[in-house]
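Residue numbers (my numbering): 333 to 401. Ideal placement from N, C-alpha and C gives every residue a C-beta, glycine not left out. Predicted model only: the values in this text are computed from it and were never measured. Worksheet: the structure to be examined is printed underneath.
Structure representation (structure tokens):
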């Protein structure tokens with residue numbers, strides 16, 4: 333997270349994302365959806381947890397099992 337903040341400040345992403353050729357692909361930094369994304373991260377983490385918990389023996393129980401993901 334901290335590297336992303338540093339890269340954003342150093343590379344001036346806010347100006348780059350405002351360019352017309354990037355604006356159709358990337359949201360602006362002041363977009364409310366972008367700010368709300370922080371609130372959705374715990375929900376995303378719980379979803380991953382509920383998904384991988386039943387698969388823990390199959391995926392994480394053997395050597396290199398995580399490669400099957």
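Review point. From residue 346 to residue 361, what distance separates their C-alpha atoms?
Key: Straight-line Cα distance between these residues: approximately 6 Å.
Exercise for review: Note the first and the last residue of the continuous alpha helix (DSSP H) segment covering residue 382.
Suggested key: Here the alpha helix (DSSP H) through residue 382 covers 364–384.
**Study point:** Rounded Cβ spacing between residue 384 and residue 391 (contact assumed at less than 8 Å)
**Key:** Indeed, because the Cβ distance is near 7 Å, the residues count as touching under 8 Å.
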